[in-house]
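Beneath this line is the structure, given in structure tokens, with notes to follow.
2 protein chains.
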Amino acid sequence: MIWCRFEREGKVSHGRIVDDEVIEVDGSPINNPADTGVTYALGEVRLLAPIVPPMLYAAGPNHNGHVEGMAARRGAAPNYPKIPEPNFRSVHSLIGTEENIVIPADSAGAVQPEGQLAVVIGKHARQVASRDEALDCVFGYTIGNDVSERVWQGADRTMFRGKSCDTFKPLGPWIVTDLPYDSFRIIVRHNGEVWEDFTSADQIWDVPTWIIEMSKYTTMHPGDVLMMGTQGADGDMVPGDTIEVEISGIGTLRNYIVAE
Amino acid sequence: MIWCRFEREGKVSHGRIVDDEVIEVDGSPINNPADTGVTYALGEVRLLAPIVPPMLYAAGPNHNGHVEGMAARRGAAPNYPKIPEPNFRSVHSLIGTEENIVIPADSAGAVQPEGQLAVVIGKHARQVASRDEALDCVFGYTIGNDVSERVWQGADRTMFRGKSCDTFKPLGPWIVTDLPYDSFRIIVRHNGEVWEDFTSADQIWDVPTWIIEMSKYTTMHPGDVLMMGTQGADGDMVPGDTIEVEISGIGTLRNYIVAE
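Encoded structure:
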């Protein structure tokens, strides 16, 4: 199934997408909502980030290529992560597909994309004991872009400005259920040029491992979103640019760069 | 006004506290809810964390005494923060007063309190231009305990395990409105012994400054909670201990340490 969140005439709803139609439902997809009977053509609605998670987690370094690319840039040896530990992003920085990524006025400009698979949790998960149980906690998958201001990321004590400025977390265009976690192909395109092309099979730790390890310490809640890390280290995006993240079986998340 | 969130017979509600009574309301305090007409004696309800924030921010080092105490422990020079930048905590780690703080089974045991003033935001705040405007965004104040596992905090890449394990964020017992931000006295008591006694006047950056600076990059939302940092560097808490944070004009947040 394909689930979206959309705005139409000022009202925000969730819906199922079937062919080119959105079937409005009466709640969040994670709560098994009923259809309202109202349908729209997909072109008649404005898609939003497909869910507003209670917690937005980022797996951080989860592909060796990203660890190595970022280290090379600093002229340092790669510092591979030893355990899967997430960081947090602000849910207030979420935007949907086709929305603008706004570069803050005082940014030096090193605003870069990180195309990522995003996992939507469907159940309360605590002390998850097996890979099967972990995968049973997955509601579906969507696409994230963990937009990063590299000067602030490097200089600041926390990743607040570096990763969680308003509009820095595009998510969407929708959530797709019933897909295998280990064979997504993830492509990042900058103004149509391929900047990254990698697969979820190359993650340092895979989806069930992250859920098992995180759930040793925290209860994951329905609606939580875990972004699974990116490959490589990309260049700067500047106003006027278009950035796309395409994931096989899901679709394309497309955003536009503008200056504040 | 004093606002609480409580559970009674399995139902979770918000309420106003007047004398020893809880007057149930029909929504969240930040949405100006109406009374339902139902009242309970305060002793008849179980108090919960007084709000579930969309984002739970921690001001991080915001008292020189904490910067210096933590540095002395490492045998390093104090590294004073240069700008007010928050970190994030998991909203899933929130508990209320009188609840148990659970030390994870694989913790080496260095679980320590951080008594903190907690600011509850009442309005959307973005590009806040003045201190008056910032203070107008404050709904009220409550008490937080930024419980920290120091081994994980020091060793891990992120503060996930160090600061956001389940039960590591006691908040409460309630929210009090219409208090001055700059004269709170904050006392931390470990099994009745005073471990810290400090004032919000000694913060490195005060409440309006944090709101102004954060709102340059993020939209603060109604219900967001900002914990304002602690003084000093305290000792370990062990199973059987009681930890209290008292703040003048608000009350006392009391929790009990247990092993997983």
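Chains as they are written, first to last, in this note's numbering: chain A, 9 to 268; chain B, 9 to 268. Quick reminder that beta carbons are idealized off the backbone N, C-alpha and C, glycines included.
Rounded to a whole number of angstroms, what is the C-alpha to C-alpha distance between Q135/A and D144/B?
Walking along the first sequence from the start, residue 135/A turns up at place 127. Walking along the second sequence from the start, residue 144/B turns up at place 136. C-alpha separation (whole angstroms): 42 Å.
Determine the direct distance from the alpha carbon of I183/A to that of A133/B, and round the result to whole angstroms.
Indexing the second sequence from 1 puts residue 133/B at position 125. Indexing the first sequence from 1 puts residue 183/A at position 175. Answer to the nearest angstrom: the Cα atoms are 30 Å apart.
Please return the same chain residues whose Cβ sits closer than 6 Å to the Cβ of Y2/B, not counting the five positions on each side in sequence.
No answer is possible for residue 2/B: it lies beyond the span of chain B, which begins at 9 and ends at 268.
What residues of chain B sit near E93/A, judged by a beta carbon separation below 8 Å?
Against the first sequence, residue 93/A aligns to sequence position 85. Neighbours of E93/A in chain B, taken as residues at a C-beta separation under 8 Å, are given in chain order as D164, R165, T166, F168, R169.
Where does H100/B fall in DSSP's three states?
Your numbering for residue 100/B matches position 92 in the second sequence. H100/B: helix per DSSP, three-state reduction.
Does the distance from the CB of G259/B to the CB of P178/B come in under 8 Å?
The residue labelled residue 259/B in the question sits at position 251 within the second sequence. The residue labelled residue 178/B in the question sits at position 170 within the second sequence. For the pair G259/B and P178/B, the CB atoms are not nearer than the 8 Å cut-off.
Which bits of chain A does S172/B rub up against, with CB to CB less than 8 Å?
Numbered from its first residue, the second sequence carries residue 172/B at position 164. Against chain A, the beta carbon of S172/B has neighbours under 8 Å at F96, Y225, T226, listed in chain order.
Straight-line Cα distance separating G73/A from L125/A:
Residue 125/A sits at position 117 when you count from the first residue of the first sequence. Residue 73/A sits at position 65 when you count from the first residue of the first sequence. So the two alpha carbons sit approximately 15 Å from each other.
Closer than 7 Å: is that where the CB of H71/B sits relative to any heavy atom of the ligand FAD?
Ligands are entirely absent from the displayed structure, and the ligand FAD is therefore not among its contents.
Continuous beta strand (DSSP E) assignments of at least 3 residues falling wholly in the segment 114–167 of chain B
Those beta strand (DSSP E) runs which fall completely within the segment 114–167 of chain B and span 3+ residues are 123–129, 146–153.
Within the same chain, show all residues whose beta-carbon is closer than 7 Å to that of G237/A, passing over the 5 residues directly before and after it, in chain order.
For the purposes of this step, residue 237/A is taken as the residue at position 229 of the first sequence. Counting only Cβ-Cβ distances below 7 Å, and skipping sequence neighbours, we find A67, G68, P69, N70, H71, H74, Q124, Q211.
Straight-line Cα distance separating F147/B from I38/B:
Against the second sequence, residue 38/B aligns to sequence position 30. Against the second sequence, residue 147/B aligns to sequence position 139. Their backbone Cα atoms lie some 7 Å apart in a straight line.
Taking the alpha carbon of D28/A as the point to measure from, which residue in T47/A, R158/A, D34/A has its own alpha carbon closest?
By one-based count along the first sequence, residue 28/A stands at place 20. Ranking the options by Cα distance to D28/A, first place goes to T47/A.
CA-CA distance, Y149/A and V127/A?
The residue labelled residue 149/A in the question sits at position 141 within the first sequence. The residue labelled residue 127/A in the question sits at position 119 within the first sequence. Cα to Cα, the separation comes out at about 5 Å.
Only counting the same chain, and skipping five residues up and downstream in sequence, which positions put a Cβ closer than 6 Å to that of A116/A?
For the purposes of this step, residue 116/A is taken as the residue at position 108 of the first sequence. These residues qualify, in order along the chain: V159.
Considering just the uninterrupted stretch of the beta strand (DSSP E) at T238/B, what are its terminal residues?
As a first step, residue 238/B must be located in the second sequence, where it is residue number 230. The continuous stretches of beta strand (DSSP E) do not include T238/B, and DSSP gives it neither H nor E.
Reduced DSSP category for T105/A - H, G, I as helix; E, B as strand; rest coil:
Taking the first sequence and counting its residues from 1, one reaches residue 105/A at position 97. In this structure, T105/A counts as coil in the three-state DSSP scheme.
Length of the line joining the Cα atoms of S256/A and I25/A:
Taking the first sequence and counting its residues from 1, the one referred to as residue 256/A is at position 248. Taking the first sequence and counting its residues from 1, the one referred to as residue 25/A is at position 17. If I take the Cα positions, the gap works out to 17 Å.
Assuming M228/B and I219/B make a contact with CB atoms under 8 Å, what is their CB distance in whole Å?
Start at 1 with the first residue of the second sequence, and residue 228/B comes out as number 220. Start at 1 with the first residue of the second sequence, and residue 219/B comes out as number 211. Here M228/B really is in contact with I219/B; their C-beta atoms are around 7 Å apart, less than 8 Å.
Rounded straight-line distance, which links the Cα of P112/B to that of C173/B
Here residue 173/B corresponds to residue number 165 of the second sequence, with the count starting at 1. Here residue 112/B corresponds to residue number 104 of the second sequence, with the count starting at 1. So the alpha carbons of these two residues sit roughly 8 Å apart.
First and last residue of the alpha helix (DSSP H) that includes E268/A?
Your numbering for residue 268/A matches position 260 in the first sequence. Careful: E268/A lies outside any alpha helix (DSSP H) and carries neither H nor E.
Which of the residues in the segment 57–71 of chain B, read from start to end, lie with their CB under 7 Å from any CB of chain A?
Cβ contacts with chain A come from P62, M63, G68.
So which residues of chain B does P178/A contact, with C-beta pairs closer than 8 Å?
As a first step, residue 178/A must be located in the first sequence, where it is residue number 170. Under the 8 Å cutoff, chain B gives no residues; its nearest Cβ is about 16 Å from P178/A.
Kindly indicate which three-state DSSP category F200/A falls into: helix, strand or coil?
Translated into positions along the first sequence, residue 200/A becomes position 192. In the sequence as displayed, the identity of residue 200/A is Gly instead of Phe. DSSP places G200/A in coil when its eight states are reduced to three.
Residues near T44/A in its chain [Cβ-Cβ closer than 6 Å; skip 5 each side]:
The residue given as residue 44/A occupies position 36 in the first sequence. E32, D34, listed in sequence order.
Over what stretch of residues does the beta strand (DSSP E) that includes G248/A continue unbroken?
Taking the first residue of the first sequence as 1, we reach residue 248/A at position 240. No beta strand (DSSP E) holds G248/A; DSSP gives it neither H nor E.
Quick check: the Cα distance between P247/B and S191/A, rounded to an integer number of angstroms?
Residue numbering aside, residue 247/B sits at position 239 when the second sequence is read from its first letter. Residue numbering aside, residue 191/A sits at position 183 when the first sequence is read from its first letter. So the alpha carbons of these two residues sit roughly 45 Å apart.
Can you tell me which of G77/A, W203/A, V20/A, V60/A puts its alpha carbon nearest to the alpha carbon of R54/A?
As a first step, residue 54/A must be located in the first sequence, where it is residue number 46. Nearest of G77/A, W203/A, V20/A, V60/A to R54/A, Cα basis: V20/A.
Interface residues of the segment 228–247 of chain B facing chain A [CB-CB below 7 Å]
Per Cβ criterion, the list reads H229.
Roughly how far, in whole angstroms, is the beta-carbon of I251/B from the beta-carbon of N153/B, given that I think they are within contact range, below 8 Å?
On the second sequence, position 243 is the one that residue 251/B refers to. On the second sequence, position 145 is the one that residue 153/B refers to. The Cβ separation is near 7 Å, so the contact holds.
Measuring only the C-alpha atoms, how far is I59/A from V233/A?
Your numbering for residue 59/A matches position 51 in the first sequence. Your numbering for residue 233/A matches position 225 in the first sequence. Roughly 9 Å between the two C-alpha positions.
With distances taken between CB atoms, is the gap from G231/A to S36/A smaller than 8 Å?
Along the first sequence, one-based indexing puts residue 231/A at 223. Along the first sequence, one-based indexing puts residue 36/A at 28. Against a cut-off of 8 Å, the Cβ pair of S36/A and G231/A comes out as a contact.
Just tell me which of I109/B, G162/B, K131/B, T166/B has its CA closest to the CA of V155/B.
Taking the first residue of the second sequence as position 1, residue 155/B is located at position 147. Of the candidates I109/B, G162/B, K131/B, T166/B, the one whose C-alpha sits nearest the C-alpha of V155/B is I109/B.
If I'm right that V119/B touches M245/B with Cβ under 8 Å, what's the distance once you round it to whole angstroms?
Here residue 119/B is taken as the residue at index 111 of the second sequence, counted from 1. Here residue 245/B is taken as the residue at index 237 of the second sequence, counted from 1. M245/B and V119/B do touch by the CB rule: their CB atoms are close to 5 Å apart, below 8 Å.
Looking only at C-alpha atoms, which of I194/B, S208/B, R165/B sits nearest to V202/B?
Residue 202/B sits at position 194 when you count from the first residue of the second sequence. Of the candidates I194/B, S208/B, R165/B, the one whose C-alpha sits nearest the C-alpha of V202/B is I194/B.
Distance between R82/A and A241/A (C-alpha atoms, nearest Å)
On the first sequence, position 233 is the one that residue 241/A refers to. On the first sequence, position 74 is the one that residue 82/A refers to. Approximately 11 Å, taken between the alpha carbons.
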